[in-house]
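Chains as they are written, first to last, in our numbering: chain A, 199 to 539; chain B, 1424 to 1744. Glycine included, each C-beta is placed from N, C-alpha and C at the ideal position.
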C-alpha cells in the first residue's frame, strides 16, 4: 500500500550478504546491526533476566516459554514469507483461533481430521486471500483485513456465537501433539523447529524461495525475468493461512480445548516479531531465523514482566509497543545508511 | 503494474457506468438497505429507531473522518481504537478537575499520539502501518495502566452530552455532522487539504514541488488522533462509563471499512468525505438489519467482510489508471 519513496528499486539480490567492495567499516557495522541486532538484544535480555530473577532460568519456566513461543513462531513463519514478498497478512489471528476451534471439534473423529480440517479451511481462506491479492490486484492489507472479520464470523458461527467450547480428549494421540514431550522438550517445540528448518531450506535453497525474494525486491523486474509473480504471491498467502491454522490446531492440542477468544491481536505480535527479526516490511529482504529470534524476544519480555509480579500486564503492551517503535526506527535508520552504498 | 486491460478503453459506455457505480455505489447501497428495511423490518420507521442508529454511528463516523485523511495521504492510522481508550482513561482521571479540563486533557492525549505517529512516519520514514501499529499496542497498554478497570462516569454535564439533544437531534449526531462538514471543508477549500491530496498522490512529486511534506503529514496524524480522542470522549459520555479494556476495540477496522467502502482509494490522493459518511451509515444499517432479523453477530462480521471485498473490487479499476 505504501511505496518506499526513498528507493523505488531495492536490489533483489540481498539474499547473499555480500557487501560491495569498498564498504566502510561503519557501513558494514550497520548492516551487521540490522541483521543481528535482535539476537544481541535477546542474549542481553536473557542474561539480565537470569541475573535478576531466580525463577527465570528454571526448567519449568523455560519449558513454558518455549511452548508458548512455538505457536506464535509458526504463525510468524508464514508471515515472514508474506512480508518478504512485500505484503502483509492481518488475518492470521482469526485463522489461529478458527484453526484451534476446528481442530478441537475434529478431534472427536480422530487425529487426521483434527489436523486436516483446520489446515484445509485456513489454507482455503489463505488461498482466497492470495487470489484476490495476486490476480485481482487488491491491496493485501484490506483483503486480509476482510478475512480477519470473515474468519472470526465463521468462528462464531461454528461455536454457537462463541458460547460453545469443544474439548480435546486428553488421551488421544492428537492431545499428545500438544502436550507430549520428547527428551524433556514439548512436542510443539520440536514441530516448530522442524518447520523452521524446512522453511529456511525452502526460502534459501529452492526456486520458490528465490521467487519470493524476487517478487518482494521488485515485482515488475521479477515479472520481466519470468518469475511467476501471481503464483508466488498466491502461494505465500496460502502458506500463511496453513501456518496459522496449524498453530491454532497445536495450541488446541496443548490446551485440550478450542478456545474461541484466542488469537485476537496475534497478527500484530507476529508482524512485530518478523519486523524485530530484521525482515524489511518493504519486501525483498528477510530471514526466518530473525523471526524466530523476534518471537523469543517478545516472549522473554512478556515473561520478565510477568515475573515482576507487582506490574500489571498492561505494562507489557506499553513495553512491546515502545520496543517495536524503537526497532523500526533503528531499522529505518540502519537501512538508510545501507542504501547509500 | 504491467497488466494493461483494454476492455475499458474500447467500451466507453460500460466504463462510465462502472465509474458511476464506483462513485455512488455506496449511496445506492444505503438507499437499498433503507428501502428493504422500510418494507420488511417492523418498527423501522420510527423516530426512536433513527435516533438509536444515528447515535451509534456517530463515534465510528468521527473516527472514520480522521482515517479518511490518513488514507488520503497514502497512509493509515491503526492506533485510533487505542486513542479512544486512552482518551476515556484520561477523561475519567481528570474529571475531578472539571469537565472542560478533562475534555482538554483527553483530546491532548490523542494529539500527542498523533504527533508520535506523524513524527515516526514523516521524519524517520517508518511505514504508516507499522508506526501506528506500535502506538496501537502501546496506547492500549498506557490506557490500561492509567485506568486498570471500568469506572463509572458520574458527571451530569457528561451525561447530558451523551444523551441530550437540541431540537430533537442528539448532541452526538450534531457534533459528528459538524465535524464531517469541517473536515470536508478542510479537504476541499484549504491549503492543507490540497497539500494532503498532493502528498497522497505522489510524495516525491510533492516534495519536489516544495510542499512542506513533513509538516502536513504530522498534521494529518494529529487530526486523526484528535478526532479519535473526541470519539472516545463522546462514546464515554454515551455509555456514562470509562472502559479502556473494550472501548474502541476493532474501531480501526470499522473506520477503515467506512472510508474504503465510501470510495476513498487506499492508494491515496483522493478523499471522499460524503462517501465516508455514507460508508459508516451503510455498515451501521447492515448490522442493524441483520440484528433486527434475528441473525447472529457472526453473520454481521461475514457480511462486513464481503462488503469490504466488493467495495475494493469495484474500486480497483480506478486505482490502476
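{"Check": "Residue 1637/B at chain A interface by Cβ criterion, 8 angstroms", "Outcome": "no"}
{"Check": "Straight-line Cα distance separating residue 243/A from residue 236/A", "Outcome": "10 angstroms"}
{"Check": "Pairwise C-alpha distance: residue 1449/B and residue 1436/B", "Outcome": "21 angstroms"}
{"Check": "Runs of beta strand (DSSP E) wholly within the region 1634-1722 of chain B (minimum 3 residues, chain order)", "Outcome": "none"}
{"Check": "The ligand SAM heavy atom lying under 7 angstroms from the CB of residue 422/A", "Outcome": "Ligands in the displayed structure: none, and consequently the ligand SAM is not present."}
{"Check": "Segment limits, alpha helix (DSSP H) that includes residue 1482/B", "Outcome": "1470-1495"}
{"Check": "Below-8 angstroms beta-carbon distance, residue 339/A vs any chain B residue", "Outcome": "yes"}
{"Check": "8 angstroms contact criterion, which residue 438/A and residue 341/A should meet: CB distance rounded", "Outcome": "About 12 angstroms separates the two Cβ atoms, so there is no contact after all."}
{"Check": "Chain-ordered neighbours of residue 1679/B on chain D, where CB pairs are closer than 8 angstroms", "Outcome": "Included in the structure are the protein chains A and B, with no chain D among them."}
{"Check": "Any alpha helix (DSSP H) of 4 or more consecutive residues that is wholly inside the region 1508-1573 of chain B", "Outcome": "1522-1542 and 1551-1569"}
{"Check": "Chain-ordered neighbours of residue 513/A on chain B, where CB pairs are closer than 8 angstroms", "Outcome": "1564 and 1568"}
{"Check": "Cβ separation of residue 524/A and residue 1564/B, assumed to be a contact under 8 angstroms, to the nearest whole Å", "Outcome": "Not confirmed; about 15 angstroms, so no contact."}
{"Check": "Chain B contacts from the region 515-535 of chain A (Cβ-Cβ distance under 8 angstroms)", "Outcome": "515, 516, 517, 518, 519, 520, 522, 523, 526, 527, 530, 531 and 534"}
{"Check": "Buried or exposed (CB count within 10 angstroms, at least 16 for buried), residue 179/A", "Outcome": "The requested residue 179/A is not part of the displayed model; chain A covers only 199 to 539."}
{"Check": "Stretch pair the region 1531-1542 of chain B + the region 492-506 of chain A: three plus CB contacts closer than 8 angstroms", "Outcome": "no"}
{"Check": "Boundaries of the alpha helix (DSSP H) in which residue 1772/B is found, first to last residue", "Outcome": "The structure shown does not extend to residue 1772/B, since chain B is modelled only from 1424 through 1744, so no value can be given for it."}
{"Check": "Paired residues, beta bridge with residue 383/A - DSSP", "Outcome": "380/A"}
{"Check": "Minimum Cβ-Cβ distance from residue 334/A to chain B less than 8 angstroms", "Outcome": "yes"}
{"Check": "Contacting residues, own chain, Cβ-Cβ under 8 angstroms from residue 1439/B (five flanking each side not counted)", "Outcome": "none"}
{"Check": "Neighbour list for residue 473/A in chain B, Cβ cutoff strictly below 8 angstroms", "Outcome": "1553"}
{"Check": "From 488/A, 513/A, 462/A and 493/A, residue whose alpha carbon lies closest to that of residue 233/A", "Outcome": "488/A"}
{"Check": "Local conformation of residue 455/A per DSSP, three classes", "Outcome": "strand"}
{"Check": "Identity of the residues DSSP links to residue 358/A by a beta bridge", "Outcome": "According to DSSP, which records beta bridges pairwise, residue 358/A is partnered with nothing at all."}
{"Check": "Among 317/A, 326/A, 394/A and 249/A, the one whose alpha carbon lies nearest that of residue 272/A", "Outcome": "394/A"}
{"Check": "Alpha-carbon spacing of residue 1701/B relative to residue 1482/B, whole angstroms", "Outcome": "14 angstroms"}
{"Check": "Contact the region 294-313 of chain A vs the region 1649-1658 of chain B: 3+ CB pairs below 8 angstroms", "Outcome": "no"}
{"Check": "Contact under 8 angstroms by Cβ, residue 1582/B with residue 1660/B", "Outcome": "yes"}
{"Check": "Where residue 439/A meets chain B, residues with beta-carbon distance less than 9 angstroms", "Outcome": "Near residue 439/A there are no residues of chain B at all, since even the closest Cβ is about 15 angstroms away, more than 9 angstroms."}
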